[in-house]
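J.: Going by numbering that gives the first Met the number 0, the first residue of the sequence shown is number 0, and it counts up by one from there.
Just so you know, even glycine gets a beta-carbon here, dropped at the ideal spot from N, CA and C.
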Amino acid sequence: MRARSARLMAAAAVVAVLSLGLTAVDARRAHGATRPVPYQNLTPGQVKMMLQRKDFTLVNVHIPYEGEIQPTDAFVPYTEAAAKVPRLVPNRQAKIVVYCQTGRMSAIAADTLVRLGYTRVFNLEGGMVAWKQAGYPIVTRPR
Numbered sequence: 000m001r002a003r004s005a006r007l008m009a010a011a012a013v014v015a016v017l018s019l020g021l022t023a024v025d026a027r028r029a030h031g032a033t034r035p036v037p038y039q040n041l042t043p044g045q046v047k048m049m050l051q052r053k054d055f056t057l058v059n060v061h062i063p064y065e066g067e068i069q070p071t072d073a074f075v076p077y078t079e080a081a082a083k084v085p086r087l088v089p090n091r092q093a094k095i096v097v098y099c100q101t102g103r104m105s106a107i108a109a110d111t112l113v114r115l116g117y118t119r120v121f122n123l124e125g126g127m128v129a130w131k132q133a134g135y136p137i138v139t140r141p142r
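1) Just how far apart, CA to CA, sit ARG103 and GLU67?
2) Among GLY134, GLN51, THR56, whose alpha-carbon lies nearest the alpha-carbon of ASN122?
3) Out of GLU65, VAL46, ARG114, THR78, state which residue places its alpha-carbon closest to the alpha-carbon of VAL138.
4) Find the nearest neighbour of TYR117 within the set ALA73, ARG91, LYS131, judged by alpha-carbon distance.
5) Would you mind listing the alpha helix (DSSP H) stretches within the stretch 30-68 that are 4+ residues and don't spill past its ends, in chain order?
6) Helix, strand or coil for GLY125 per DSSP?
7) The alpha helix (DSSP H) spanning VAL138 covers which residue range?
8) Could you check what DSSP says for TYR98 in three-state terms: helix, strand or coil?
9) Residues in the same chain with beta-carbon distance under 6 Å from ALA73, minus the five sequence neighbours each way, listed in chain order, please.
10) Mapping DSSP to helix, strand and coil, what is ALA93?
11) Let me make sure I understand the geometry here. Which of ALA106, THR42, VAL60 has the alpha-carbon closest to that of LYS134?
12) Near ALA129, which residues of its chain fall below 6 Å by C-beta distance, leaving aside the five closest residues on each side in sequence?
13) Which one of LYS131, GLY125, CYS99 has the shortest CA to CA distance from PRO63?
14) Quick check on the DSSP output: the alpha helix (DSSP H) that includes THR111 runs from which residue to which?
15) In this structure, how does DSSP classify VAL120 when only helix, strand and coil are distinguished?
So this is what it looks like as structure tokens:
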């Protein structure tokens, strides 16, 4: 019962963050959570909807280059996220969506950003593989 309650609170926080534009800290306070809210995983459909409004920085963290989602704003190797993202996005309350090929590297990058104090971090769950499976295009440019 406790686990279900915690899952429901987490789901409510995701809805608050996505629909109301709250920061993870605001969502945590609104739902009485005491531990930090980590980054939020998004489906390809959720990211596609967010791209219509494009009020966030989209970062490809995959190494080596395997393609990209349009309109990617930056390419930052997941191993360099702690050093490079703060220069790219100094505002710790700005929305950042990270992705990679399968979601593994971007999950590491997202966790790193949360530990750095970023409060609106999102991860494309399943990465470009899931994006492509959902029927959305991947662009490959010569690097």
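T.: To lay it out plainly:
1) For the purposes of this step, residue 103 is taken as residue 104 along the sequence shown, with counting starting at 1. For the purposes of this step, residue 67 is taken as residue 68 along the sequence shown, with counting starting at 1. Distance between the alpha carbons of ARG103 and GLU67: 16 Å.
2) Position 123 of the sequence shown, counted from the start, is the residue given in the question as residue 122. Closest in C-alpha terms to ASN122, from the list GLY134, GLN51, THR56, comes THR56.
3) Within the sequence shown, residue 138 is the residue found at index 139, counting from 1. Among GLU65, VAL46, ARG114, THR78, the Cα nearest to that of VAL138 belongs to GLU65.
4) Counting from 1 along the sequence shown, the entry for residue 117 is found at position 118. Measuring from the Cα of TYR117, the nearest candidate turns out to be ARG91.
5) If we require 4 residues or more, the alpha helix (DSSP H) runs fully inside the stretch 30-68 come out as 43-52.
6) Position 126 of the sequence shown, counting from 1, holds the residue named residue 125. If DSSP states are grouped into helix, strand and coil, GLY125 belongs with coil.
7) Locating residue 138 in the sequence shown gives position 139, where the first residue counts as 1. Per DSSP, VAL138 belongs to no alpha helix (DSSP H) and is neither H nor E.
8) Here residue 98 refers to the residue found at position 99 of the sequence shown. Three-state result, TYR98: strand.
9) Within the sequence shown, residue 73 is the residue found at index 74, counting from 1. Excluding residues within five positions, the ones whose Cβ falls inside 6 Å are VAL58, LEU87.
10) Taking the first residue of the sequence shown as position 1, residue 93 is located at position 94. Secondary structure at ALA93: coil, using DSSP grouped into helix, strand and coil.
11) Locating residue 134 in the sequence shown gives position 135, counting from the first residue. A small fix is needed here, since residue 134 is Gly in this sequence, not Lys. It is THR42 whose Cα lies nearest to the Cα of GLY134.
12) Position 130 of the sequence shown, counted from the first residue, corresponds to residue 129. Here the set comprises PRO43.
13) Residue 63 sits at position 64 when you count from the first residue of the sequence shown. Of all alpha-carbon atoms in LYS131, GLY125, CYS99, the one lying nearest the alpha-carbon of PRO63 is that of CYS99.
14) For the purposes of this step, residue 111 is taken as residue 112 along the sequence shown, with counting starting at 1. THR111: member of the alpha helix (DSSP H) spanning 103-114, first to last residue.
15) In the sequence shown, counting from the first residue as 1, residue 120 sits at position 121. Annotated three-state conformation of VAL120 is strand, per DSSP.
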